[in-house]
Amino acid sequence: MTLEQLANDISASADAEAKATIKAAKAEAEAILNEAKERASSIEGDASSKANKEADQIAKEMVASARQANQKEILVARRAELEATLASARAQLGDASLAGRASLLKSLVKKAGGLSEGKMIMRPTTIDRSALEDAAKDYKMGDDVDGLGGFMLESEDGRLSFDLRFDTLLEEAWTQQRAAVNETLFG
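Per the numbering used here, the very first residue in the sequence shown carries number 38; after that it's consecutive.
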């Protein structure tokens, strides 16, 4: 073997070894790149999934908050309507030209007859004094009381009293019938 041939064999061997090393390095680089792409894809998927979950949670919270705000507005509106209804009833009861006012007063005087014990003093509201002076001749008339109508009945010694003013009767009826009024107004 000649020196030239030996040099050619060494060169060919080095060349083959270099090509094999380059091929192995390229394969390793491709494997590293593929692994990096898979990790990046996994991280992106995880981040996307987490972002979607957070977005869904925020959306649920916003919907719940909006519902709660709407319910509060509905309750406030209902309360305002109930208060307006009560105010309207008070205005009608406080009107001297209320239809049926005289018969209502006569009914209250009759009820007072069942409540009274001994001599009683009737203290009418200013608006109903003249009507009650005619309808309740069995009672001594006392000073006027404040109210939308009706009267208070008191024993002469002041130990016993009955409040038959429209205000009080309306408040009692309102308390007892509030659920029915609510059902009528709002279904």
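Each residue gets a CB set at the ideal place from its N, CA and C atoms; glycine is no exception.
- Under the assumption that leucine 266 contacts glycine 187 (Cβ atoms under 8 Å), give the Cβ distance between them as a whole number of angstroms. Within the shown structure, residues of the chain are numbered from 38 to 224, placing residue 266 beyond reach of any answer.
- In terms of residues, what are the limits of the alpha helix (DSSP H) holding asparagine 171? Here the question's residue 171 lines up with position 134 in the sequence shown. Checking the displayed sequence, the identity of residue 171 turns out to be aspartate instead of asparagine. Run containing aspartate 171: 166-172, per the alpha helix (DSSP H) assignment.
- In angstroms, rounded to a whole number, what distance separates the CA positions of serine 198 and glutamate 118? Along the sequence shown, read from residue 1 onward, the residue named residue 198 stands at position 161. Along the sequence shown, read from residue 1 onward, the residue named residue 118 stands at position 81. Roughly 34 Å between the two C-alpha positions.
- Of all the beta strand (DSSP E) runs that stay within the bounds of the segment 133-198, which reach a length of 3 or more residues? 157-161 and 187-192
- Message: Based on DSSP bridge pairs, tell me the residues matched to leucine 201.
- Response: Sequence index remark: in the sequence shown, residue 201 carries index 164 (1-based). Per DSSP, Phe188.
- Message: What does the Cβ neighbour count give for glutamate 191, buried or exposed, with the cut at 16 atoms within 10 Å?
- Response: As a working note, residue 191 is residue 154 in the sequence shown. It is buried - the Cβ of glutamate 191 has at least 16 other Cβ atoms within 10 Å.
- Reduced DSSP category for glycine 82 - H, G, I as helix; E, B as strand; rest coil: If you number the sequence shown from 1, residue 82 lands on position 45. Glycine 82: helix per DSSP, three-state reduction.
- With DSSP as the reference, label threonine 212 as helix, strand or coil. Here residue 212 refers to the residue found at position 175 when the sequence shown is read from its first residue. DSSP places threonine 212 in helix when its eight states are reduced to three.
- Message: Does the structure place the segment 129-148 close enough to the segment 167-184 that three or more beta carbon pairs sit under 8 Å?
- Response: yes
- Query: Could you give the C-beta distance for alanine 124 and isoleucine 164, rounded to a whole number, given that I count them as a contact under 8 Å?
  - Reply: Working through the sequence shown from its first residue, we reach residue 124 at position 87. Working through the sequence shown from its first residue, we reach residue 164 at position 127. About 18 Å; that fails the 8 Å criterion.
- Helix, strand or coil: how does DSSP classify threonine 122 here? For the purposes of this step, residue 122 is taken as residue 85 along the sequence shown, with counting starting at 1. Residue state, collapsed to three classes: helix.
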